[in-house]
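Basically my numbering = 1-based index in the sequence shown + 1033.
Each residue gets a CB set at the ideal place from its N, CA and C atoms; glycine is no exception.
All values reported here derive from a predicted model rather than from experimental measurement.
I have placed the structure first, in the form of structure tokens, so that the comments after it can refer back to it.
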Amino acid sequence: MHKLAAGIARGFTLIELMIVVAIIGILASVALTSYSQYTIRARVTELVIAGSSFKITIAEKWQIDYTLASAGVRLTVTTSGRITGGSISTAGVITILGTNTSVGTAVTVLLTPVPTGERLSWLCSTNGNTAMWAYVPTECRH
């Protein structure tokens, strides 16, 4: 065993502690920025998911008679959380309105049915604010 001389203490110097605190501060600022972007993206994606719940009903209508006429009849968008409104047209176009998502404006998501032969695909778009495109799912960046 080593015996330390009396009066000599081993530990960290003030400079070493300041460096560690500075590194932790830098890492925290990077993490906070990434987290805030993630939460905004989740808010916008919530609108897309809310509109997607109507896709099944409209797709079933398409499978029955291969027409979108009156596909959105009797479908209503419930306002809750970040969803401030919306509508479903008789042609099946789903519009979801969202609250301000911290990107400077409220967000509108449009889900448009595109019939091709016997298939029904969907086109997703937003209200065109290019500043928020980083927060919109890639399928909606048009």
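Give the straight-line distance between the Cα atoms of residue i and residue j, rounded to the nearest whole angstrom.
{"i": "I1073", "j": "S1062", "result": "17 Å"}
{"i": "E1093", "j": "T1128", "result": "19 Å"}
{"i": "W1095", "j": "G1114", "result": "30 Å"}
{"i": "L1108", "j": "I1091", "result": "10 Å"}
{"i": "G1118", "j": "L1101", "result": "22 Å"}
{"i": "F1087", "j": "T1111", "result": "11 Å"}
{"i": "P1146", "j": "G1105", "result": "11 Å"}
Whose CA, out of the options, lies closest to the CA of residue i?
{"i": "V1140", "options": "V1147, P1146, P1170", "result": "P1170"}
Between residue i and the rest of its own chain, which residues show a CB-CB distance below 6 Å, the 5 nearest in sequence each way excluded?
{"i": "L1144", "result": "G1084, I1127, W1155, C1157"}
Rounded to the nearest angstrom, how far is the Cβ of residue i from that of residue j, given a contact under 8 Å?
{"i": "L1080", "j": "G1044", "result": "Going by Cβ atoms, the distance from L1080 to G1044 rounds to 54 Å, so no, they are not a contact pair."}
{"i": "V1054", "j": "Y1168", "result": "Not a contact, Cβ separation roughly 32 Å."}
Practice prompt. Check whether the region 1107-1123 touches the region 1147-1160, taking contact to mean three or more Cβ pairs, one atom from each stretch, closer than 8 Å.
Written response: no
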